[in-house]
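Chains as they are written, first to last, in the numbering used here: chain A, 9 to 377; chain B, 9 to 377.
In structure tokens form, the structure reads like this:
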């Protein structure tokens, strides 16, 4: 019996089945055994605040209730924390969900969207998913390039651009003045996503002052990294209320789970814990720098919870290092685009993670040389 | 200083800012005090399985890790449970998320999509959100009408249609034979969403046999209702693997939170608990029928965890009942479309919930008559 094919939209029909990231659990099933060191997804090795954990456990018996669809207590607390109005904050199920809705809000087939070649793949996934055209500029000195971004926005008339500070996957960053200068020069008719997922780990003076009166800017923050809640799926954007209104027109209104809401609120009330995590991460970065140096490798200075280690050769070599590390029970990832793909990207884990990583990387370097 | 307006897509610019549902927490903030009985969102009053709760509490310290992006252990367990292949199952962040991605996959501006006027508003929200045209057929005898649905699909050539069994908001249902007949007659070129969110509460013989070889059908199930996990955001679809592939092209791949994954898996391994919930709900339905009868009202027989009570007059009257119940601390909802809006929709809560509801509904009926 012949049947008509499934009536996918032409756009969805044309999309590849590829995914932005293969998860560590999937890799473990392919390997057949768990990793000894899970330091590839920039997850926090320091967990969440004990107060956030207690809030989750206390709220768990009420999991039968939907979460507050407008996340009001959390938005009030964040508004207070950032000195903005709750109407200028929107909670999302992680920055990934916010990125998807933002692309949907501002881009459609034929729209040109600007990012850096090698920057966050999930943003690119959403741009492709909504049929828009991704225009890229190269990294410069292993960092996203604000001047080239502005030039490309001008050249294309793009209504949407993406910039991360600090950067993922390289860990590089600019100071607040440079970023403010970028913000000030966003052309009319363009909205910039400033992805600050890693801002908590960066030195003071990295984040420009928050100003939600600017209708050309979406700041994105997350509880996945320094707050240790990647598995709970919660992040937020700070933006002009008209942008928030736009996102509210398309988002799933009950998307934020109840336990994430109470955890994020509790963590926000325990910032000394988050501070201690950032201090641990800073120490761990120093150890990774030293570890790389001990192997004759160069680590890039990082303002994040990961370190890019320059393997000193090309992408093919770094990929073989990654493969050998995987075979030895170490999960790390690497940049996808040259010349940054000469590096591997290592999350600052525990001291034990670094010990395992150091030993096995030494083996791999020896075996491949 | 004049600026260009925010460059929303014309579609998003045209969308209303309205939301499908106002959440109970928002209503409580408007009222100024919590509800005494939260029986409006069809949440389970019986919570989740103690084993699921234990799994959440055990996993909570690992919340810093992203959830498995392909939810493999849960898909394996569901595949085993339903007698299908794991490739024929996709986990979503609740049926709401699955509906959004399904609409996106099959509809675009100009596409006609068929549902019943008064059926699940969040589906309609997504249809509007992707610019498609919603074509509706009326309910018949307070139930969705399979014959009219098929006729409308034929008439419009719609590539997507929605049907819930049992129905929300009326609680009515068809037997498996009738639904199988609907499935068998879906025209080529159309995909039917069969929303079975409430199927666990329905009598044996309500769900047709699962057959994921049919590329014209998406069955949707949830852990929000009988499994008591609305706040955790987890549901799934069983469908032909080509439909699953399509959904995988657009979904957020790390959208399922880690605690929901372990909770759902544990609950699936404790189906005697779910069975006991369904028995409690069945008893509660009988009590709600009796309660309505005691007030001279007619309750509609229901195969769900809620009961539609016919207030015996028009929508304006039922809305005033709802308002008065709200003023007396009782959260219930009601159908949005005539003639079903002569009813209010009451979730089967605890015995205490029913006591409060019964007393206050009696007051309201007396005060309004």
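Note that beta-carbon positions come from the ideal geometry of N, C-alpha and C, so glycine has one too.
8 Å Cβ cutoff met for residue i and residue j
{"i": "residue 135 of chain A", "j": "residue 166 of chain A", "result": "no"}
{"i": "residue 250 of chain B", "j": "residue 14 of chain A", "result": "yes"}
{"i": "residue 236 of chain B", "j": "residue 365 of chain B", "result": "no"}
{"i": "residue 28 of chain B", "j": "residue 133 of chain B", "result": "yes"}
{"i": "residue 222 of chain B", "j": "residue 191 of chain B", "result": "yes"}
{"i": "residue 77 of chain B", "j": "residue 275 of chain B", "result": "no"}
{"i": "residue 19 of chain A", "j": "residue 174 of chain A", "result": "no"}
{"i": "residue 46 of chain B", "j": "residue 32 of chain B", "result": "yes"}
{"i": "residue 293 of chain B", "j": "residue 356 of chain B", "result": "yes"}
{"i": "residue 315 of chain A", "j": "residue 305 of chain A", "result": "no"}
{"i": "residue 172 of chain A", "j": "residue 145 of chain A", "result": "no"}
{"i": "residue 159 of chain A", "j": "residue 198 of chain A", "result": "no"}
{"i": "residue 113 of chain A", "j": "residue 17 of chain B", "result": "yes"}
{"i": "residue 218 of chain A", "j": "residue 91 of chain A", "result": "yes"}
{"i": "residue 110 of chain B", "j": "residue 202 of chain B", "result": "no"}
{"i": "residue 359 of chain B", "j": "residue 209 of chain B", "result": "no"}
{"i": "residue 268 of chain B", "j": "residue 240 of chain B", "result": "yes"}
{"i": "residue 376 of chain A", "j": "residue 352 of chain A", "result": "no"}
Burial state of residue i, where buried means 16 or more other Cβ atoms lie within 10 Å
{"i": "residue 26 of chain A", "result": "exposed"}
{"i": "residue 284 of chain A", "result": "exposed"}
{"i": "residue 362 of chain B", "result": "buried"}
{"i": "residue 120 of chain B", "result": "buried"}
{"i": "residue 178 of chain A", "result": "buried"}
{"i": "residue 148 of chain B", "result": "exposed"}
{"i": "residue 228 of chain B", "result": "buried"}
Where the alpha helix (DSSP H) through residue i begins and ends
{"i": "residue 14 of chain A", "result": "Careful: residue 14 of chain A lies outside any alpha helix (DSSP H) and carries neither H nor E."}
{"i": "residue 253 of chain B", "result": "249-256"}
{"i": "residue 297 of chain A", "result": "279-302"}
{"i": "residue 104 of chain B", "result": "102-114"}
{"i": "residue 65 of chain A", "result": "58-67"}
{"i": "residue 270 of chain B", "result": "266-276"}
{"i": "residue 88 of chain A", "result": "80-90"}
Chain-order list of residues whose beta-carbon lies under 7 Å from that of residue i (same chain, five-residue window excluded)
{"i": "residue 238 of chain B", "result": "51 and 232"}
{"i": "residue 9 of chain B", "result": "Confidence at residue 9 of chain B is low in this model, with a pLDDT of 44, below 50, so its placement is unreliable and the value that follows should be read with caution. Contacts found: none."}
{"i": "residue 270 of chain A", "result": "63, 64 and 67"}
{"i": "residue 349 of chain B", "result": "323, 326, 342 and 343"}
{"i": "residue 99 of chain B", "result": "79, 82, 83, 242, 244 and 264"}
{"i": "residue 215 of chain A", "result": "184, 204 and 207"}
{"i": "residue 104 of chain A", "result": "130"}
{"i": "residue 354 of chain A", "result": "47, 296, 314, 315, 317, 340 and 365"}
Three-state class that DSSP yields for residue i in the structure shown
{"i": "residue 141 of chain B", "result": "strand"}
{"i": "residue 120 of chain A", "result": "strand"}
{"i": "residue 187 of chain B", "result": "helix"}
{"i": "residue 224 of chain B", "result": "coil"}
{"i": "residue 308 of chain A", "result": "coil"}
{"i": "residue 325 of chain B", "result": "helix"}
{"i": "residue 131 of chain B", "result": "helix"}
{"i": "residue 35 of chain A", "result": "helix"}
{"i": "residue 245 of chain A", "result": "strand"}
{"i": "residue 70 of chain A", "result": "helix"}
{"i": "residue 164 of chain B", "result": "helix"}
{"i": "residue 207 of chain B", "result": "helix"}
{"i": "residue 158 of chain B", "result": "helix"}
{"i": "residue 98 of chain A", "result": "strand"}
{"i": "residue 45 of chain B", "result": "strand"}
{"i": "residue 125 of chain A", "result": "coil"}
{"i": "residue 151 of chain B", "result": "strand"}
{"i": "residue 238 of chain B", "result": "helix"}
{"i": "residue 380 of chain B", "result": "Here chain B comprises residues numbered 9 to 377, so residue 380 of chain B is not present and cannot be evaluated."}
Extent of the continuous beta strand (DSSP E) to which residue i belongs
{"i": "residue 355 of chain A", "result": "351-355"}
{"i": "residue 372 of chain B", "result": "First-last for residue 372 of chain B: 359-376, but that is the alpha helix (DSSP H), not the beta strand (DSSP E)."}
{"i": "residue 5 of chain A", "result": "Here chain A has residues from 9 to 377 only, and residue 5 of chain A is not among them."}
{"i": "residue 314 of chain A", "result": "314-318"}
Beta-carbon contacts of residue i that lie in its chain and below 6 Å, excluding the five residues immediately before and after
{"i": "residue 337 of chain B", "result": "43 and 44"}
{"i": "residue 60 of chain A", "result": "271, 274 and 275"}
{"i": "residue 115 of chain B", "result": "121, 138, 140 and 168"}
Proximal residues to residue i (C-beta, below 8 Å), its chain only, five neighbours per side dropped
{"i": "residue 321 of chain A", "result": "350"}
{"i": "residue 93 of chain B", "result": "87, 220 and 249"}
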